[in-house]
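Data block below; observations after.
Number of protein chains: 2
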Amino acid sequence: MQDERRLAVLRAIVEDYVSTQEPVGSKALVERHGLGVSPATVRNDMAALEEEGLITQPHTSAGRIPTDKGYRLFVDRLTTIKPMSSAERRAIATILDGALDLDDVVQRSVRLLAQLTHQVALVQYPTLSKSTIRHLDIVDLAPTRLLIVLILSTGRVEQRLVEVSQPVTQDDVAALRSRLAAAMDGRVIADAGASLRSLDIPDDGGVQSAVVEALIEAMSDHRSSERVAVGGAANLARFGDNFEVSVRPLLEALEEHVVLLKLLGEAQTGGTVTVRIGHEGPYQQFATTSVVSTGYGPGDEAVANLGVVGPTRMDYPGTMAAVRAVARYVSRILDEA
Amino acid sequence: MQDERRLAVLRAIVEDYVSTQEPVGSKALVERHGLGVSPATVRNDMAALEEEGLITQPHTSAGRIPTDKGYRLFVDRLTTIKPMSSAERRAIATILDGALDLDDVVQRSVRLLAQLTHQVALVQYPTLSKSTIRHLDIVDLAPTRLLIVLILSTGRVEQRLVEVSQPVTQDDVAALRSRLAAAMDGRVIADAGASLRSLDIPDDGGVQSAVVEALIEAMSDHRSSERVAVGGAANLARFGDNFEVSVRPLLEALEEHVVLLKLLGEAQTGGTVTVRIGHEGPYQQFATTSVVSTGYGPGDEAVANLGVVGPTRMDYPGTMAAVRAVARYVSRILDEA
DNA sequence: GTTGGCACTCCCGGGCGACGAGTGCCAGCG
DNA sequence: CGCTGGCACTCGTCGCCCGGGAGTGCCAAC
Numbered sequence: 367m368q369d370e371r372r373l374a375v376l377r378a379i380v381e382d383y384v385s386t387q388e389p390v391g392s393k394a395l396v397e398r399h400g401l402g403v404s405p406a407t408v409r410n411d412m413a414a415l416e417e418e419g420l421i422t423q424p425h426t427s428a429g430r431i432p433t434d435k436g437y438r439l440f441v442d443r444l445t446t447i448k449p450m451s452s453a454e455r456r457a458i459a460t461i462l463d464g465a466l467d468l469d470d471v472v473q474r475s476v477r478l479l480a481q482l483t484h485q486v487a488l489v490q491y492p493t494l495s496k497s498t499i500r501h502l503d504i505v506d507l508a509p510t511r512l513l514i515v516l517i518l519s520t521g522r523v524e525q526r527l528v529e530v531s532q533p534v535t536q537d538d539v540a541a542l543r544s545r546l547a548a549a550m551d552g553r554v555i556a557d558a559g560a561s562l563r564s565l566d567i568p569d570d571g572g573v574q575s576a577v578v579e580a581l582i583e584a585m586s587d588h589r590s591s592e593r594v595a596v597g598g599a600a601n602l603a604r605f606g607d608n609f610e611v612s613v614r615p616l617l618e619a620l621e622e623h624v625v626l627l628k629l630l631g632e633a634q635t636g637g638t639v640t641v642r643i644g645h646e647g648p649y650q651q652f653a654t655t656s657v658v659s660t661g662y663g664p665g666d667e668a669v670a671n672l673g674v675v676g677p678t679r680m681d682y683p684g685t686m687a688a689v690r691a692v693a694r695y696v697s698r699i700l701d702e703a
Numbered sequence: 367m368q369d370e371r372r373l374a375v376l377r378a379i380v381e382d383y384v385s386t387q388e389p390v391g392s393k394a395l396v397e398r399h400g401l402g403v404s405p406a407t408v409r410n411d412m413a414a415l416e417e418e419g420l421i422t423q424p425h426t427s428a429g430r431i432p433t434d435k436g437y438r439l440f441v442d443r444l445t446t447i448k449p450m451s452s453a454e455r456r457a458i459a460t461i462l463d464g465a466l467d468l469d470d471v472v473q474r475s476v477r478l479l480a481q482l483t484h485q486v487a488l489v490q491y492p493t494l495s496k497s498t499i500r501h502l503d504i505v506d507l508a509p510t511r512l513l514i515v516l517i518l519s520t521g522r523v524e525q526r527l528v529e530v531s532q533p534v535t536q537d538d539v540a541a542l543r544s545r546l547a548a549a550m551d552g553r554v555i556a557d558a559g560a561s562l563r564s565l566d567i568p569d570d571g572g573v574q575s576a577v578v579e580a581l582i583e584a585m586s587d588h589r590s591s592e593r594v595a596v597g598g599a600a601n602l603a604r605f606g607d608n609f610e611v612s613v614r615p616l617l618e619a620l621e622e623h624v625v626l627l628k629l630l631g632e633a634q635t636g637g638t639v640t641v642r643i644g645h646e647g648p649y650q651q652f653a654t655t656s657v658v659s660t661g662y663g664p665g666d667e668a669v670a671n672l673g674v675v676g677p678t679r680m681d682y683p684g685t686m687a688a689v690r691a692v693a694r695y696v697s698r699i700l701d702e703a
């Protein structure tokens, strides 16, 4: 079956290129892997693989490197996610178990992921819309300035400032608070807007409607409700030397949380790790990077995503394993909460 | 007074080097600035300046570049902070006035500062210890899991999870909440610990003491209470090409908030802008960078710092102006709150 | 279908020399 | 005494050439 051997050659090329970062030639290939055939044979296979668009050569008379299509095939068919070593497992447990609150879990995860994969890690904060409201509070900071505080089932705390046109008394605030709290407690955020409207608070242009407006806005707002923590940006340094052109746009993108959210994509349940390779995504600046991501959340419900972004030339099996392991562990922590 | 001219030469060297990023020679100097003397004269002055350790040449027969000491003199005696243009002032106002809450103010500031200076911006979140407690709340997330929420005068919200050994009832929680709230409301954080202890809650090893412990810890904790927002990391790309050696450690340091806090230093009042040049600081990786920082806060009280870090070869007058302007504006916003 | 042989391509690194920017020094001038 | 023009010198940069070597594609043979 020379067809099978060709795929073995592809796998070998990917593995070698990932570890050496240099185009790999036929001779080195048969030496480093026990392929049992001669370099000439491998050359024929390589020609065929190139014909199919799976590998390419940077210039004539250089070795081959995988194309995006080649990586895709590698990820889909040629690799199995390697399990984490027990030492790594312990490290994950040790680091994450000390977390104090949700923010801390996210921050530790992002660090951990960056450390494990030596790449840039992304961890999305649990989405608001799927959590339920545990507690609602209204605090009067100043006579015309109220702070709405929402505490969610995931442990997340959302806050929102409201300016009102007329001064309010403490009694007003207390009344509003208990009324709203009663209406909102235990609701899923996504539905809460509706039940809020059905409360039928008079649109008097005054305090009550202003607060309700702000609440509704806060719950549907994507500004703060969809945040992403970034870690390990220093690992971009391993990108080679075409600095200003390749790294700068990436660093810029890392500050655009909207872009990062798109990169992470829709939350997926069930432990599936998604890999997006090179220009499979819509972003020009990520054309030479791959994104490995998966969902996490309590139970089987995915409330957010996490993952890493690194050069297309990355260790896919190892990275996928790390991403999956961290996601599992974080999910377990949320389970307990 | 050739002494005065020498300083003029130094100033010219700094300005030229900052704008061109190349060693500046005697001929170019007299052409670009109206010094009114010949290159030979300038060369003599340069020799003297080099003697004093204010400038240096990368190699024989190259132009001169300022040393850290040279920049220091430039900053201390040779420059006045240029006022911001009215367009810039408007930009600051427009961007910051739309802020929704404290977090938003900080995030917008850090972006703005990075944009104005084309450097890496740092904004410290207002220190806890100087703010007063506006509101204290305790929420039971689960029977053995409580969430303490502190709302501070600066608009900041602090949260802390507490695990207790035995299940608590809602009534217990309510009782504890009102008691603590009464004791803490309006206190300055720094003093609150003391008044908490004087409450004399029995150290029964149970719920109450656990909560009090956590509260005290939360208030004295430097983990979350001293956070720093970072922005414009992409501007590190302008650092030249010795990538892995010069940029990577900086990127790493930018994720170490402890380091950043040290860089920003003690909060200063009164609109003084502090400049730390090159290896004047303790950190090896910041030996080729300068930090321009100042304090901000409501009234004349500095509750936190903000600033930028960039290459020693930076536009000091412009940067100092931007830092000062943003600090002033942010302070004004906190005033209103 | 596999293998060894062979000519060919082309990148990479080192050595070399011309060029030019910039300096230091010196003698002369106001 | 300080400024100036002149001049020799240094040294990094750039373009160039060239040999070595890795790797390929093709072909004939098994």
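Going down the list, the sequences are from chains A and B. Under our numbering, think of the first position of the first sequence as 367, with each following residue one higher. Under our numbering, think of the first position of the second sequence as 367, with each following residue one higher. For every residue, glycine included, the Cβ atom is placed at its ideal position computed from N, Cα and C.
Classified as buried, A/N671 has 16 or more neighbouring CB atoms from the shown chains inside 10 Å of its CB.
For A/G521, the nearest CB of chain B lies under 9 Å from its own CB, placing it at the interface with that chain. Counting along the chain, the unbroken alpha helix (DSSP H) around A/D557 starts and ends at 555 to 564. Counting only residues of its own chain and dropping the five nearest sequence neighbours on each side, B/M450 has a CB closer than 6 Å to the CB of A687, A691. For A/A457, not one C-beta of chain B is nearer than 9 Å to its own C-beta.
Distance check between A/G676 and each of A/L373, A/V384, A/G464 places A/V384 closest, using alpha-carbon atoms only.
Rounded to whole angstroms, the gap between the alpha carbons of A/R563 and B/L462 is 31 Å.
The C-beta distance from A/V472 to A/Y437 rounds to 29 Å, too long to meet the 8 Å contact threshold.
Burial state of A/H501 is buried, judged by a 10 Å Cβ sphere holding 16 or more other Cβ atoms.
Note that the segment 507 to 518 of chain A does not touch the segment 626 to 644 of chain A; fewer than 3 beta-carbon pairs, one per stretch, sit closer than 8 Å. With a threshold of 16 other beta carbon atoms within 10 Å, A/P533 falls short and is exposed.
Here the alpha carbon of A/L439 sits roughly 24 Å from the alpha carbon of A/T426.
Beta-bridge annotation (DSSP): A/Y662 is paired with A/A670.
Close partners of B/R614 in chain A (Cβ separation under 7 Å): A600, A603.
Cβ proximity to chain B below 8 Å picks out L527 from the segment 527 to 549 of chain A. Straight-line measurement puts the Cα of B/G521 at about 46 Å from the Cα of B/A378. Separation of A/P492 and A/E592 (C-alpha to C-alpha, rounded to the nearest whole angstrom) is 8 Å. A Cβ-Cβ distance of about 14 Å is found for the pair A/V594 and A/L468, leaving them out of contact under the 8 Å criterion. Interface annotation, A/H501: in contact with chain B, CB-CB separation under 9 Å. Our two residues, B/G631 and B/T655, have alpha carbons roughly 15 Å apart in a direct line.
Exposed is the label assigned to A/R456, since fewer than 16 other Cβ atoms lie within 10 Å of its Cβ.
Within chain B, the residues whose beta carbon sits less than 9 Å from that of A/G597 are E621, listed in sequence order. The three-state secondary structure of A/G597, taken from DSSP, is strand.
The three-state secondary structure of A/T655, taken from DSSP, is strand. Under the three-state reduction of DSSP output, B/D503 falls in the strand class.
DSSP places A/R642 in the uninterrupted beta strand (DSSP E) bounded by 640 to 643. Shown here, A/E529 sits in a strand according to DSSP, grouped into three states. Close partners of A/V625 in chain B (Cβ separation under 8 Å) are lacking, with about 13 Å as the shortest Cβ gap. With a beta-carbon spacing of about 19 Å, B/V486 and B/G661 fall beyond the 8 Å limit used to define contacts. Between the alpha carbons of A/L527 and A/I699 lies a distance of about 31 Å.
At a cut-off of 9 Å between beta-carbon atoms, A/I582 makes no contact with chain B. For B/F440, no Cβ of chain A is located within less than 9 Å of the residue's own Cβ. Where A/I514 is concerned, the enclosing beta strand (DSSP E) starts and stops at 511 to 518. Partner residues in the beta bridge of A/Q490, as assigned by DSSP, are A/V594. Distance from the CA of A/L546 to the CA of B/A560, rounded to the nearest whole angstrom, comes to 35 Å. In the DSSP annotation of this structure, the continuous segment of the alpha helix (DSSP H) that includes A/P405 starts and ends at 405 to 417.
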